[in-house]
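The structure appears right after this line, and notes come after that.
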Amino acid sequence: MANLLYRLGRFSYQRRRLVAAVWALFLVVLGVGALTLGGKTANTFSIPGTESQRALDALKQELPAASGASATVVVKAPDGKTLADPTVKAAVGATVAKVATVPEVIAAVDPFTSKAISPDGTTGLISVQFDKPADELAPESSDAYDALSGLSSGDLEVVPGGQIKAGIPEIGATEVIGVAVAAVVLIVTFGSLVAAGMTLLTALLGVLAGMAGLFIVTAFTDVSSTAPILALMLGLAVGIDYSLFISSRHRTQLGEGMDPEESVARATATAGSAVLFAGATVVIALAGLSVVGVPFLTAMGLAAAATVLTAVLVALTLLPALLGFVGNRVLPRKLRKAPGAAAPVGGFGFRWGRLVTRLRVPIVAIGIIGLGVLAIPAKDMQLALPDGASAPAESNQRIAYDLTAAAFGPGANGPLVVVVKSNDAATSNGLVQQVLGKAQGLPDVLAAQPAAASQDGTTRLLQVIPKSGPASAETAELVKDLRAAVQPLATGGASISVTGNTAVGVDVSNKLSDALPTYLFVVIGLSFLLLLLAFRSVLVPLKATLGFVLTIGATFGITVAVFQEGHLASLVGLDSPGPLVSFLPIIMMGILFGLAMDYEVFIVSRVREEFVHGLHANDATVQGLGHGARVVTAAALIMASVFAGFILVEDPIIKAIGFGLTIGVLIDAFVVRMTLVPAILSLLGDRAWWFPKWLDRLTPKVDIEGETLRTEPRQLADVN
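Numbering (this note's numbering), first residue to last: 521 to 1240.
Pasting the structure below:
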């Protein structure tokens, strides 16, 4: 492996103009493709095969109008008046007429007709039905719907509710802060604007390529609106880190007097091997999301994986070419004037390594106990799909949600839909009465009533209003109880299904919870094998996996404490704490597992490199950490800075992902990889590198320490 990457690095250096031209052409082609083929993203969270989705699919055939997006416009009378007052009632009628003119709206039902008026008469709900699902609506339709808030006057407050606008969460100046902090860290680390700028440039080029490819994919399949932001934050973070790893090794070797061409080739062979294996674990973790069988999650994982793969390719090919263009200018001026100056052997990394190995027993005990305590809140984690309660406080969606909850109860924001279907209208009608009786007998049901019927009367819809909100644990339990109560009534070819957005959210959460063990088994198993090949050790991959368990437990605990329980929520701009979004745990586990292996591979590969080259295990640990601590510190701060920039986004999903990844990276890099890992390696000693002889014979040799470069002639790598 090392010799192959040595050849690749040297080729990229010697043919740098060709390599740069190929990448430039590739970016142009992707850019043109994105502009001409790029479609729009979707906000769908459905899972084929679940009861709620099967019912929705059936409705498209039986009741096409009911399968489109639905929304509610909330109208509220001024203080001291009710909707029945003549001037207010006239304003309601004018509002209904205006709603009906919104493009792709096929029905707007007056609250007086539907009797959707609060007990005190001050608040009403205008039911709105579109002819298409939310992700298929034209932009002008959703824009016109959002503009209905402009109808508010002294006679009536008008607030369009519901989430019908699909799109990418906006990126503003706040997210650029993370990149700016990353640039500062790079300048401090390198002491050179050229080196810092080149590292940022390669990361940005990799992200641009990955994002352009993602938008091309939207022309052929649905892509979640969260996927581009996830790919952006992850691509930036790993792109900077991977370039940092290789550039740092190159700069160290130049400072020791190595020829620039040889230094680039060796840096690509050694640090590049760590980048390749680290990137492979990230890609496995993200692409592994496909095994859970959730389409929107598969798209998110593959999009992020493709961006990470692009970052790896950029670091291994374009970066060596750019290093060839800048030559010794990647070094600070004082080092350019003193070629061959030895790199310092002291420094914080070496002192920290000696401290950790000397106090290894208390450090391991304190670290494990401390992370275990931080993980305690995770046991109370609640999951749900986002609803109006999680929207920004000033948004129409949130205002409408709060008005509805105050006037009608929280359950009015997430009604359940029961679909009754049989072979004849009389049977369906009889089943409807039985279902109403069963539903009204459940303790968490506020109301149940018929809603719509097909033309032949064989398919009937009922609306069930819970007492609790759409994201509450009580409503999730109600979905389970309602299904258990009504499904035995379906006999003789009839069917009864519970669906609606709330039921879809419950099914998504259940599906993800059921799929999590399979996902972990596949991803951790494949990554264990990859690390086993890389380090020729059984205990090192096992230690890496156990360290990840500590990281993810503490990360989940802190995220639950802030986003669900509300502790220090104001510090992250969170208006209303509540359940975490259903796919957050599995997304965070996938990303953090891959990133955790980044630091594991980089630190442990340096330790093994020293061990393979003859140092005692304890000394190898100190030397490996000493050489790698500065780079890993910079890499972790950069990655955390990029992720932290997304905490400032208003979108609650992106905010929670950014927060969780920031905390996870800091815990994993500084507590687990730079503290617990060297302490455990010191405890294990030479046993850390134990590898059964029979397994050694069966597995292929993968050189990531660059040992072959010391034994094979350099001329074998010539490309002239």
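We treat Cβ as the ideally placed atom computed from N, Cα and C, and that holds for glycine.
All values derive from a computational prediction rather than experimental measurement.
* Beta-carbon spacing of valine 850, alanine 715 below 8 Å -> For the purposes of this step, residue 850 is taken as the residue at position 330 of the sequence shown. For the purposes of this step, residue 715 is taken as the residue at position 195 of the sequence shown. By the CB criterion at 8 Å, valine 850 and alanine 715 fall inside the cutoff.
* Are the CB atoms of isoleucine 646 and threonine 621 nearer to each other than 8 Å? -> Working through the sequence shown from its first residue, we reach residue 646 at position 126. Working through the sequence shown from its first residue, we reach residue 621 at position 101. Isoleucine 646 places its beta carbon 8 Å or farther from that of threonine 621.
* To do: Using only alpha-carbon positions, find the residue among Ser783, Ala885 and Leu734 that is nearest to valine 1191.
  => In the sequence shown, counting from the first residue as 1, residue 1191 sits at position 671. With distances taken between Cα atoms, valine 1191 lies closest to Ala885.
* To do: Can you tell me which of Ala1014, Ala1010 and Lys958 puts its alpha carbon nearest to the alpha carbon of aspartate 1001?
  => Position 481 of the sequence shown, counted from the first residue, corresponds to residue 1001. Closest in alpha carbon position to aspartate 1001, among Ala1014, Ala1010 and Lys958, is Lys958.
* Give the range of the alpha helix (DSSP H) segment to which threonine 979 is assigned. => Within the sequence shown, residue 979 is the residue found at index 459, counting from 1. No alpha helix (DSSP H) contains threonine 979, which is instead part of the beta strand (DSSP E) from 979-986.
* Asked: Hey, is the stretch 902-918 in contact with the stretch 1100-1112, meaning 3+ C-beta pairs nearer than 8 Å?
  -> Counting C-beta pairs with one atom in each stretch, the stretch 902-918 and the stretch 1100-1112 have three or more that are closer than 8 Å, which means they touch.
* State the Cα-Cα distance for the pair serine 1090 and isoleucine 919, rounded to the nearest angstrom. => Taking the sequence shown and counting its residues from 1, the one referred to as residue 1090 is at position 570. Taking the sequence shown and counting its residues from 1, the one referred to as residue 919 is at position 399. Note on geometry: alpha-carbon atoms of serine 1090 and isoleucine 919 lie some 19 Å from one another.
* **Expected contact under 8 Å - CB spacing of leucine 550 and alanine 729 to nearest Å** => Taking the sequence shown and counting its residues from 1, the one referred to as residue 550 is at position 30. Taking the sequence shown and counting its residues from 1, the one referred to as residue 729 is at position 209. Their Cβ separation, rounded to whole angstroms, is 6 Å, which keeps leucine 550 and alanine 729 in contact under 8 Å.
* Segment limits, alpha helix (DSSP H) that includes serine 1017 -> Locating residue 1017 in the sequence shown gives position 497, counting from the first residue. First-last for serine 1017: 1015-1019, but that is the beta strand (DSSP E), not the alpha helix (DSSP H).
* Asked: Sorted by chain position, which residues of the same chain lie with C-beta nearer than 6 Å to methionine 1108's C-beta, five sequence neighbours on each side aside?
  -> Against the sequence shown, residue 1108 aligns to sequence position 588. Only residues of its own chain outside the window of five on either side were considered, and among them Gly1180 have a CB closer than 6 Å to the CB of methionine 1108, listed in chain order.
* If you check the beta carbons only, do arginine 530 and alanine 785 fall under 8 Å apart? -> Here the question's residue 530 lines up with position 10 in the sequence shown. Here the question's residue 785 lines up with position 265 in the sequence shown. Cβ distance < 8 Å, so arginine 530 and alanine 785 count as in contact.
* **Proximity to glutamine 1250 [Cα-Cα], best of Val1006, Gly1012, Leu538 and Ala991** => No answer is possible for residue 1250: the residues shown for the chain start at 521 and end at 1240.
* To do: Please name the residue or residues paired with glycine 644 in a DSSP beta bridge.
  => As a first step, residue 644 is located in the sequence shown; it is residue number 124 there, counting from the start. Under DSSP, glycine 644 forms a beta bridge with Val595 and Ile637.
* To do: Give the straight-line distance between the Cα atoms of phenylalanine 576 and proline 882, rounded to the nearest whole angstrom.
  => Residue numbering aside, residue 576 sits at position 56 when the sequence shown is read from its first letter. Residue numbering aside, residue 882 sits at position 362 when the sequence shown is read from its first letter. With the sequence shown as reference, residue 576 is identified as leucine, and phenylalanine is not the correct amino acid for it. Roughly 57 Å separates the two Cα atoms.
* Span of the beta strand (DSSP E), counted from its first residue to its last, around glutamate 677 -> The residue you call residue 677 lines up with position 157 of the sequence shown. Membership of glutamate 677 in the beta strand (DSSP E) is indicated by the continuous run 677-680.
* In this structure, what does DSSP give as the bridge partners for serine 590? -> Position 70 of the sequence shown, counted from the start, is the residue given in the question as residue 590. Answer is Gln649.
* May I ask which residues mark the beginning and end of the beta strand (DSSP E) holding valine 1321? => Outside the shown range of the chain, which is 521 to 1240, sits residue 1321, and nothing can be said about it.
* Asked: Short check: CB of leucine 1196 to CB of glycine 1077, under 8 Å?
  -> Here residue 1196 corresponds to residue number 676 of the sequence shown, with the count starting at 1. Here residue 1077 corresponds to residue number 557 of the sequence shown, with the count starting at 1. Contact flag unset, no.
* Three-state class that DSSP yields for leucine 1088 in the structure shown -> As a working mapping, residue 1088 is identified with position 568 in the sequence shown. Look at leucine 1088 here: in three-state DSSP terms it is coil, with no helix or strand label.
* Asked: With a CB to CB cut of under 7 Å and the five nearest residues on each side skipped, what residues in its chain are close to valine 1092?
  -> Here the question's residue 1092 lines up with position 572 in the sequence shown. Sequence-distant Cβ neighbours of valine 1092 in its own chain, meaning closer than 7 Å and more than five residues away, are Val1082, Ile1167, Lys1175 and Phe1179.
* To do: Tell me where the alpha helix (DSSP H) around valine 850 begins and ends.
  => Translated into the one-based positions of the sequence shown, residue 850 becomes position 330. Where valine 850 is concerned, there is no enclosing alpha helix (DSSP H), because DSSP gives it neither an H nor an E.
* Asked: In terms of alpha-carbon separation, which member of Ala968, Ala1014 and Lys618 lies closest to serine 669?
  -> Here residue 669 corresponds to residue number 149 of the sequence shown, with the count starting at 1. Closest by alpha carbon: Lys618.
* Indicate whether methionine 1159 and alanine 757 have their beta-carbon atoms separated by less than 8 Å. => Position 639 of the sequence shown holds residue 1159. Position 237 of the sequence shown holds residue 757. Closer than 8 Å, so yes.
* **Identity of the residue in Gly1134, Asp1188, Pro1097 and Ile1106 nearest threonine 818 by Cα** => Here residue 818 is taken as the residue at index 298 of the sequence shown, counted from 1. Closest option to threonine 818, Cα to Cα, is Ile1106.
* Distance between alanine 909 and glycine 950 (C-alpha atoms, nearest Å) -> In the sequence shown, the residue the question calls residue 950 occupies position 430. In the sequence shown, the residue the question calls residue 909 occupies position 389. The alpha-carbon atoms of glycine 950 and alanine 909 are separated by roughly 37 Å.
* To do: Just grab the DSSP bridge partners of alanine 972 for me.
  => On the sequence shown, position 452 is the one that residue 972 refers to. DSSP, once it has assigned bridges, lists Leu981 as partnering alanine 972.
* Taking the alpha-carbon positions, what's the threonine 1011 to serine 942 distance? -> Here the question's residue 1011 lines up with position 491 in the sequence shown. Here the question's residue 942 lines up with position 422 in the sequence shown. Distance between threonine 1011 and serine 942, taken at the CA atoms: about 9 Å.
* Flag this pair as touching only if the stretch 702-711 and the stretch 524-544 have three or more C-beta atom pairs under 8 Å; answer yes or no. => Touching, no.
* To do: State yes or no: is the C-beta of alanine 841 within less than 8 Å of the C-beta of tyrosine 533?
  => Working through the sequence shown from its first residue, we reach residue 841 at position 321. Working through the sequence shown from its first residue, we reach residue 533 at position 13. A contact, by the Cβ cut-off of 8 Å.
* Environment of arginine 1126 [buried if 16+ CB atoms lie within 10 Å] -> As a first step, residue 1126 is located in the sequence shown; it is residue number 606 there, counting from the start. Buried, because 16 or more other Cβ atoms sit within 10 Å of the Cβ of arginine 1126.
* **Start-end ranges of the alpha helix (DSSP H) lying completely within the stretch 523-564, minimum 4 residues** => Runs of the alpha helix (DSSP H) spanning 4 or more residues and lying entirely within the stretch 523-564 occur at 536-557, in chain order.
* Using DSSP bridges, identify the partner residues of valine 1101. => As a working mapping, residue 1101 is identified with position 581 in the sequence shown. Its beta-bridge partners are Ala904.
* Asked: Which partner residues does alanine 1149 have in the DSSP bridge list?
  -> Looking up residue 1149 in the sequence shown gives position 629. Under DSSP, no beta-bridge partner is assigned to alanine 1149.
* If you follow the alpha helix (DSSP H) that valine 784 is part of, which residue opens it and which one closes it? -> Here residue 784 corresponds to residue number 264 of the sequence shown, with the count starting at 1. Segment 780-807, the alpha helix (DSSP H) holding valine 784.
* Alpha carbon to alpha carbon, what distance is there between alanine 927 and glycine 687? -> Here the question's residue 687 lines up with position 167 in the sequence shown. Here the question's residue 927 lines up with position 407 in the sequence shown. Only weak support exists for where glycine 687 lies, its pLDDT of 49 falling under 50; the value from the coordinates is given anyway. Going by the C-alpha atoms only, they are around 30 Å apart.
* To do: Report yes or no: do the stretch 631-645 and the stretch 589-603 share at least 3 C-beta pairs separated by less than 8 Å?
  => The stretch 631-645, when compared against the stretch 589-603, does touch it at the 8 Å Cβ threshold.
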